[in-house]
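Okay, so here's the structure we're looking at.
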Amino acid sequence: KIIGAQHFAQAAIASGTFNPSIDFASPLDGDGHGSHTASIAAGRNGIPVRLYGHEFGKASGMAPRA
6 KIIGAQHFAQ AAIASGTFNP SIDFASPLDG DGHGSHTASI AAGRNGIPVR LYGHEFGKAS
66 GMAPRA
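FYI, the numbering for the sequence shown is 6 to 71, going by the working numbering.
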């Protein structure tokens with residue numbers, strides 16, 4: 006499951022290296038795997054999970070702070 010997602014395309018867009026035919030200005034990627042997997046594996050430890058005002062405890066990646 007995905008708890009949260011971020012993307013970091015602003016620098017590529019600003020520098021002119023962003024290619025919209027292969028790059029994504031969103032947390033999506035070309036095959037739906039890379040960013041999602043990285044966020045699970047290296048996510049922080051003990052992060053509060055909140056969605057639409059509801060609390061769901063805390064979450065952690067498999068290798069926090071990796």
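C-beta: ideal position from N, C-alpha, C; glycine also.
For Ile52, the three-state DSSP class (helix, strand or coil): strand
List the residues that DSSP assigns as beta-bridge partners of His12. DSSP output for His12 lists no bridge partner at all.
Output the distance between the C-alpha atoms of Ala64 and Tyr57, rounded to the nearest integer angstrom. 16 Å
Unbroken beta strand (DSSP E) run spanning Ala64, endpoints: 59-64
Just to confirm before moving on: does the CB-CB distance between Pro25 and Gln11 stay below 8 Å? no
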